[in-house]
Amino acid sequence: MTGSERREQLITVSRALFAEKGFEGTSVEEVAARAKVSKPVVYEHFGGKEGIYAVVVDREVQRLLGMLTDQLGAGGHPKVIVEKAALALLDYIEANTDGFRILVRDSPVAQATGTFSSLIGDVASQVEHLLAEQFRARHLDPAAAPMYAQMLVGLIALTGQWWLEARHPDKTVVAAHMVNLAWNGLKGLEREPQLSSLALS
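The opening residue of the sequence shown carries number 1 in full-length UniProt numbering; numbering runs sequentially from there.
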């Protein structure tokens, strides 16, 4: 293997171990054994467990943030934007189960600091601008947009954590129900919510 190929192999192996056992439960010895290399090879590439964990987490954060921001910046009707963002999170969880498990295992969303809560804060900042525009258009106080952005993103993030293990119902049904609550509120819940065709395209 070339140096870059070995590095990628170690990242792949470590990602699986961190998802399975968490940061504390994973050792450099296990990473080396599973990759069939000596411990010094791991240290040479990453300097230790903390270094490889930082690379794994950074890749997951960038992947998820990219998927969410693509949908938030796509434009269109605000409800469709929320639908697409909710579906993007569930798509990420489905395609990157190990990655999402790493993000939420060691950094639960309820913590004030940590990887996942930091990522959620970044997304909430983007949502805040979208909400402020809608608030102004509806003659509501845009100063309340940051609070509503946290509520909206928290709703989607915590439901995503639940769906990580539940996997039922289907992600489109889960996304439709999330948006049903976010868009209609408890007072206006639809009996059988469905995503608009624009969110699925």
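Yeah, the Cβ is synthetic: ideal placement off N, Cα and C, and Gly gets one too.
Can the beta-carbon of residue i be found closer than 8 Å to that of residue j?
i	j	result
Leu-130	Tyr-92	no
Glu-60	Leu-87	no
Pro-146	Glu-165	no
Leu-181	Leu-198	no
Arg-15	Gly-66	no
Ala-19	Arg-101	yes
His-45	Leu-17	no
Asn-184	Glu-192	no
Val-153	Lys-79	no
Ala-132	Pro-142	yes
Ala-176	Leu-195	yes
Can you tell me which of the three DSSP states residue i falls into?
i	result
Ala-110	No answer about Ala-110 holds up, because its pLDDT of 43 lies below 50 and its placement is not dependable.
Asn-180	helix
Leu-72	helix
Leu-140	coil
Met-147	helix
residue 239	It is not possible to answer for residue 239, since the shown part of the chain is limited to 1 through 201.
Ser-201	coil
Gly-121	helix
His-168	coil
Glu-192	coil
Lys-187	helix
Arg-7	helix
Using C-beta distances below 8 Å, list every residue in its chain close to residue i, excluding the 5 sequence neighbours before and after it, in chain order.
i	result
Trp-163	Leu-90, Ile-93, Lys-171, Val-174
Gln-150	Ala-124
Val-31	Leu-10, Val-13, Ser-14, Leu-17, Val-42, Lys-49, Ile-52
Ile-120	Val-109, Val-153, Gly-154, Ala-157
Please list, in chain order, all residues of the same chain as residue i whose beta carbon is under 6 Å from its beta carbon, the five residues on each side excluded.
i	result
Arg-34	Val-13
Arg-7	His-45
Arg-167	none
In its own chain, which residues sit with a C-beta less than 7 Å from the C-beta of residue i, not counting the 5 before and 5 after it?
i	result
Gly-48	Val-28
Leu-68	Ala-85, Ala-88, Leu-89, Val-123
Gln-126	Thr-69, Leu-72
Contained alpha helix (DSSP H) runs [length at least 4] in the region 11 to 81, N- to C-terminal order = 28 to 35, 39 to 46, 49 to 72
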